[in-house]
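Below is one structure, written out as structure tokens; comments come after it.
Residue numbers (my numbering): 1 to 183.
Here's what the structure looks like:
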């Protein structure tokens, strides 16, 4: 939720956040992510389901605000976690080394997303999937909720920090990894 940060702790984004923190490293990717707050999705579904004009239409409930991967990592750093940038090959090698030694790394179940390359493509599965996910047409959704107070919030540093605080409160992030920055 965008007010409380309540969200799945085992989805791709939560695992990505936890895994980057556990590794202390992030690949320098030119990648856009789609994070859609569940409270926006639920309000949109309720509203759209009550509109006769919605019948027969497809509604893609994705955020119209893409979040750049670098912004996500910067927000994690701003929250107090040490994340070092590296090129993809170095990061991937570190991930494989850590995952083989630690089964509890959050990214271990998702290794194929970072190590397997899509046939005929120069990108791993994660990048390919992120590029494809940007192709959803959400114009029906925007038109269907126009004039209501149902607005998808932009995922900015403030909202990300709400999510991080929720993960920390749930014990999904270790506060011992946090670095206290001097004000």
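Quick reminder that beta carbons are idealized off the backbone N, C-alpha and C, glycines included.
Can you tell which of the options has the C-alpha that lies nearest to the C-alpha of residue i?
i           : options              : result
residue 70  : 39, 98 and 155       : 155
residue 96  : 136, 8, 114 and 164  : 114
residue 54  : 144, 163 and 112     : 144
residue 68  : 83, 7, 174 and 31    : 31
residue 185 : 173, 61, 79 and 35   : What is shown of the chain runs 1 to 183, which leaves residue 185 out entirely.
residue 11  : 108, 174 and 158     : 108
residue 78  : 22, 168 and 158      : 158
residue 104 : 112, 23 and 28       : 23
residue 85  : 29, 166, 175 and 161 : 29
residue 33  : 17, 66 and 89        : 66
residue 89  : 168, 2, 13 and 27    : 27
What residue range is occupied by the uninterrupted alpha helix (DSSP H) comprising residue i?
i           : result
residue 50  : No alpha helix (DSSP H) contains residue 50, which DSSP labels as neither H nor E.
residue 101 : 88-101
residue 25  : No alpha helix (DSSP H) contains residue 25, which is instead part of the beta strand (DSSP E) from 25-27.
residue 161 : 157-169
residue 69  : 69-78
residue 112 : 111-115
residue 141 : 139-145
Since residue i and residue j are thought to touch, with beta carbons under 8 angstroms apart, how far apart are those beta carbons, to the nearest angstrom?
i           : j           : result
residue 64  : residue 138 : 6 angstroms
residue 110 : residue 15  : 6 angstroms
residue 19  : residue 106 : 4 angstroms
residue 75  : residue 161 : 7 angstroms
residue 83  : residue 98  : Not confirmed; about 14 angstroms, so no contact.
Does the beta-carbon of residue i, which I'm using as the reference point, lie nearer than 8 angstroms to any heavy atom of the ligand MG?
i           : result
residue 138 : As for the ligand MG, it is missing from this structure, which has no ligand bound.
- Should the segment 35-46 be regarded as contacting the segment 142-151, the criterion being three or more beta carbon pairs within less than 8 angstroms? yes
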